[in-house]
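**Q**
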Amino acid sequence: MSQQGPQRFATRCIHAGQAPDPTTGAIMTPVYLTSTFVQASPGVVKDGYDYARSRNPTRTALESNLASLEGGKHGFAFASGLASMDCVLHLLTSGDHVVLCDDVYGGSFRQLDKVFRHHGVTCTRVDMTDLAATERAFMPRTRLVWIETPTNPMLKVVDVAAVAGLARARGASAGWTWGGAAGRTAEPGKTGGTRSPIVVVDNTFASPRLQNPLALGADVTMHSCTKYIGGHSDLVGGALVCNDEELADRLRFLQNAVGAVMSPMDCFLLLRSTKTLHVRMERHSANAMEIARWLTTHPKVERVVYPGLESHPQHALAKRQMSAFGGMITATLRGGLPEARRFLERVHLFALAESLGGVESLIEHPAIMTHASVPAANRAALGISDGLVRLSVGIEDVADLIGDLERALG
């Protein structure tokens with residue numbers, strides 16, 4: 001099947017990027033566990049395969065599949081979500097500036113604040129639901145805009161089209177040879193070109209089933225495939241998807257040069273997972289909507305944040321930008337940390353664990369677990385209190401999940 005075609009999303013989940021094995025007719029893409037490929041003559045390689053870090057047939061199938069699901073032309077698979085973020089940030093050079101969504105996964109903030117900051121890349125955190133504040137955050141050396149929507153863990157919904165419009169309005173930044181100096185981070189012999197800041201959307205919480213940032217004006221979509229795309233809590237991976245040919249050339253060079261690629265076995269597992277992405281996301285969303293509404297009625301719950309609730313500040317935007325509202329819920333319990341700890345120790349079906357997006361339900365405490373790397377003052381400003389818990393609603397029977405929460409709260 002071709003990368004782009006008339007097929008609808010559910011069909012592309014199962015078929016995009018994949019064809020029966022030409023040797024045996026196997027309907028599933030084989031796992032090519034090889035480090036190198038035989039050449040017919042020095043430099044004469046078959047279908048571009050010479051070394052598995054650079055290219056692997058199982059990874060090629062996955063990258064084509066993910067690109068199709070995001071409505072893009074070019075897909076890139078990495079060893080983790082943070083490895084995919086690292087690839088994008090390597091487009092920058094010392095002195096460049098990033099406009100960063102204020103509420104992001106703690107690991108994303110850590111990579112910018114604790115790694116790339118030491119290489120001269122600066123960032124400004126801003127509430128991107130405030131477009132005026134977002135516009136003020138741009139600087140002359142702003143080269144990249146990093147959006148997360150819905151955000152982690154406060155589930156803010158950012159208007160991707162509007163923020164991308166702010167970046168485009170900046171125009172091309174004169175003198176920015178994006179990708180860095182030739183021979184260092186850019187492909188030797190290519191100097192790149194001037195352009196407006198690159199807009200990247202972390203689409204992990206929504207998945208391609210619920211939201212397509214490229215269609216909204218983003219340049220790159222990023223995923224932690226560990227989460228909803230993987231969906232079974234059995235692998236770690238990341239991905240980037242884009243349409244721009246020159247940008248794709250840069251990302252492809254960096255993917256190979258840095259080498260943090262996804263293993264063939266994990267690529268195979270992800271190809272298995274994308275085949276059910278559409279049905280899983282529908283069930284995640286339906287269960288989460290019912291649980292969010294139930295939590296709003298419980299006397300021990302002070303506040304529930306879910307984009308599908310009319311009480312969500314960006315509910316109207318979420319309805320316009322997303323096809324459904326996902327499986328993530330944030331709730332603040334009355335009684336602070338003691339009550340939150342008691343509740344988290346009493347759940348049974350909801351497993352107390354980091355990560356999210358699996359078929360099984362998970363629950364965690366952001367201030368202690370996933371967002372501990374975010375400074376306490378920043379957590380407080382975002383509303384990440386000691387009574388806050390984050391639920392990743394799975395695809396179990398929703399009545400059993402509500403019963404588990406009711407017993408734990410009781």
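Counting from 1, one number per residue, gives the positions in the sequence shown under my numbering. Quick reminder that beta carbons are idealized off the backbone N, C-alpha and C, glycines included. Computed from a predicted model, the values in this text were never measured in an experiment.
Within this structure, are the beta carbons of Ala-288 and Gly-326 separated by less than 9 Å?
**A** The answer is yes: Cβ separation under 9 Å.
**Q** In terms of DSSP beta bridges, what is Ile-329 paired with?
**A** BP columns for Ile-329 point to Leu-391.
**Q** Kindly identify the DSSP beta-bridge partner or partners of Lys-46.
**A** DSSP output for Lys-46 lists Tyr-49 as bridge partner(s).
**Q** Kindly indicate which three-state DSSP category Thr-185 falls into: helix, strand or coil?
**A** In this prediction, Thr-185 scores a pLDDT of 37, lower than 50, which makes its location untrustworthy; the coordinate-derived value is nonetheless stated afterwards. Note: Thr-185 maps to coil in three-state DSSP.
**Q** Excluding sequence positions up to five away, which residues of its chain have a Cβ less than 7 Å from the Cβ of Thr-34?
**A** The residues are Ala-52.
**Q** Bridge partners of Gly-238, per DSSP?
**A** Per DSSP, Phe-78 and Ser-224.
**Q** Return helix, strand or coil for Glu-282, following the three-state DSSP convention.
**A** Glu-282: helix per DSSP, three-state reduction.
**Q** Would you call the segment 371–381 and the segment 235–251 touching, i.e. three or more CB-CB distances under 8 Å?
**A** No, they do not touch.
**Q** To the nearest angstrom, report how far apart Thr-24 and Cys-267 are at their CA atoms.
**A** Their Cα atoms are separated by approximately 20 Å.
**Q** In the DSSP assignment, what are the bridge partners of His-97?
**A** Partner(s): Thr-122 and Thr-142.
**Q** Glu-364 bridges to which residues according to DSSP?
**A** DSSP lists Arg-390 as partners of Glu-364.
**Q** If you measure between the beta carbons of Gly-308 and Ser-273, is that distance less than 9 Å?
**A** It is not a contact, given that the beta carbons lie outside the stated cut-off.
**Q** For Asp-244, which of helix, strand or coil comes out of DSSP?
**A** Three-state result, Asp-244: coil.
**Q** Restricting to Cα atoms, I'd like to know which of Gln-314, Ala-167, Ala-19 and Gly-335 is closest to Pro-140.
**A** It is Ala-167 whose Cα lies nearest to the Cα of Pro-140.
**Q** Is the separation between the beta-carbon of Ile-198 and that of Leu-247 shorter than 9 Å?
**A** Cβ distance < 9 Å, so Ile-198 and Leu-247 count as in contact.
**Q** Contact between the segment 141–149 and the segment 92–99 is defined here as three or more beta-carbon pairs at a separation below 8 Å; is this criterion met?
**A** The segment 141–149 is in contact with the segment 92–99.
**Q** Taking 9 Å as the threshold (C-beta atoms), are Glu-360 and Ala-351 in contact?
**A** Yes, they are a contact pair.
**Q** Could you check if Thr-93 is buried or exposed, using at least 16 other CB atoms within 10 Å of its CB as the buried criterion?
**A** Per the 10 Å Cβ criterion, buried.
**Q** How many Å lie between Arg-8 and Val-115 at the Cα?
**A** Looking at the two C-alpha atoms, the distance is approximately 41 Å.
**Q** For Glu-396 and His-232, I'd like the C-alpha separation in whole angstroms.
**A** Using only the alpha carbons, I get a separation of about 13 Å.
**Q** Which residues does DSSP pair with Glu-414 in a beta bridge?
**A** The requested residue 414 does not occur in the structure, where the chain is confined to residues 1 to 410.
**Q** Run through the DSSP bridge pairs and tell me what Arg-303 is partnered with.
**A** DSSP, once it has assigned bridges, lists Thr-332 as partnering Arg-303.
**Q** Cβ atoms of Ala-16 and Ser-64: under 9 Å apart, would you say?
**A** A contact, by the Cβ cut-off of 9 Å.
**Q** Report buried or exposed for Ser-41, applying the criterion of at least 16 other Cβ atoms within 10 angstroms of its Cβ.
**A** Ser-41 should be labelled exposed.
**Q** How should Asn-212 be labelled, buried or exposed, when 16 other C-beta atoms within 10 angstroms of its C-beta is the threshold for buried?
**A** When all chains shown are included, Asn-212 counts as buried.
**Q** Helix, strand or coil, according to DSSP, for Val-163 in the structure here?
**A** It is helical.
**Q** Are the segment 155–163 and the segment 199–218 touching, with three or more C-beta to C-beta distances below 8 Å?
**A** They touch, by the three-pair rule.
**Q** Using a threshold of 9 Å, state whether the C-beta atoms of Gly-48 and Leu-62 are closer than that.
**A** No, these two residues do not count as a Cβ contact at 9 Å.
**Q** Assuming contact is defined by CB atoms lying nearer than 9 Å, are Ala-79 and Leu-66 in contact in what I supplied?
**A** No, they are not a contact pair.
**Q** If you draw a straight line from the C-alpha of Leu-317 to the C-alpha of Ala-331, how long is it?
**A** One C-alpha to the other measures close to 21 Å.
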